[in-house]
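Input: a single structure, listed below in structure tokens.
In mature numbering (1 follows the signal peptide of the UniProt record, and there is no 0), the protein residues as written are -23 to -1, 1 to 273.
Here's what the structure looks like:
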């Protein structure tokens, strides 16, 4: 509460429009910040674009939610807070916010929303995005990227560093240079493309999974699914110990070598094999879904 009061005070003292800003108003304001600022953004609903730029300031342009009570925008000991304050109830009418927020390239950004479409790009200090519904998109991110969604899709492109992402009913698509990736979904599909893999862990319940990448020396891949099929494409000169388990009724197809899966009673298929020097590790397991290993 004290932090919020201080931030509101900063608004009223430093921004001529702030005391008059209300629901649905157009916003155009900025604040000088450190190049490595930590920025916290809270927007309940609407569309938000967060874009890194080479200025040592945060800029907000666009339109507030039709139900917004206030915009909190200010600094406190290195933390930059942007908070679209909303009523605690009756959020079923009107339009959500439509904001473009520009932040320093080297800043670190955390976003929290409820029904928010969020796009973020060109941020190098790390990113954390969280929403319940609405798609989340991240592009050209460095450092750690964390994304959590419930019913919306997650799309990740051109990310270096590490990725941790989860969704329940939305699809998840990833194409990155990051070498450390962990993904979870329940009913959504996973489409994963990695230039190089040090560690990939991906889990799904009923969604299908498609993975293409090159396993680095001593790299590790752990994939698991209950009823969603898994297709894994790796380099022809693979160096790894491979363990594929199709569960009670899943079929295994190995297109990367001439080795065939073994059938165990009653209908369980497994493939254990060593490719090259065997230093890497590949583990793929399903309960009742098919597994395909092929050249990526």
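The beta-carbon is built from N, C-alpha and C at its ideal position, and this holds for glycine as well. Treat the numbers as computed from the prediction; the structure is a model and nothing was measured.
Residues near residue i by beta carbon distance below 6 Å, same chain, minus five either side
i: residue 170; result: 152 and 189
i: residue 221; result: 229, 248, 261 and 268
i: residue 85; result: 15, 102 and 103
i: residue 159; result: 141 and 178
i: residue 150; result: 132 and 168
i: residue 17; result: 58 and 87
i: residue 266; result: 202, 204, 205, 206 and 227
i: residue 239; result: 247
Contacts around residue i, its chain only, beta-carbon distance under 7 Å, and the 5 residues preceding and following it disregarded
i: residue 215; result: 192, 233, 252 and 253
i: residue 121; result: 103, 138 and 139
i: residue 273; result: 189, 190, 210, 211 and 212
Segment limits, beta strand (DSSP E) that includes residue i
i: residue 58; result: 56 to 62
i: residue 227; result: No beta strand (DSSP E) contains residue 227, which DSSP labels as neither H nor E.
i: residue 241; result: 239 to 241
i: residue 137; result: Looking at the DSSP string, residue 137 is not in any beta strand (DSSP E), and its letter there is neither H nor E.
i: residue 184; result: No beta strand (DSSP E) contains residue 184, which DSSP labels as neither H nor E.
i: residue 13; result: From DSSP, residue 13 is part of no beta strand (DSSP E); its letter is neither H nor E.
Residue i versus residue j - alpha carbon distance
i: residue 50; j: residue 83; result: 19 Å
i: residue 203; j: residue 243; result: 18 Å
i: residue 99; j: residue 105; result: 14 Å
i: residue 74; j: residue 124; result: 21 Å
i: residue 148; j: residue 92; result: 17 Å
i: residue -8; j: residue 40; result: In this predicted model, residue -8 has a pLDDT of only 35, less than 50, meaning its place in the structure is not dependable; the value taken from the coordinates is given anyway. C-alpha separation (whole angstroms): 17 Å.
i: residue -23; j: residue 57; result: Because the pLDDT at residue -23 is just 44, under 50, the model does not fix this residue reliably, and the value given afterwards should be weighed accordingly. Their Cα atoms are separated by approximately 15 Å.
i: residue 178; j: residue 59; result: 34 Å
i: residue 174; j: residue 142; result: 16 Å
i: residue 259; j: residue 231; result: 13 Å
i: residue 348; j: residue 264; result: Limits of the chain in this structure are -23 at one end and 273 at the other, which puts residue 348 out of reach.
i: residue 176; j: residue 270; result: 18 Å
i: residue 62; j: residue 37; result: 15 Å
i: residue 8; j: residue 224; result: 57 Å
Beta bridge counterpart(s) of residue i as assigned by DSSP
i: residue 176; result: 157 and 197
i: residue 125; result: 107 and 143
For residue j and residue i, believed in contact at Cβ under 8 Å, the rounded distance
i: residue 97; j: residue 48; result: Actually they do not touch by this definition, with Cβ atoms about 19 Å apart.
i: residue 71; j: residue 112; result: Going by Cβ atoms, the distance from residue 71 to residue 112 rounds to 21 Å, so no, they are not a contact pair.
i: residue 166; j: residue 180; result: Rounded, the Cβ-Cβ distance is 13 Å, inconsistent with contact.
Close-in-space but distant-in-sequence residues of the same chain around residue i (CB under 8 Å, 5 per side omitted)
i: residue 194; result: 216, 256 and 257
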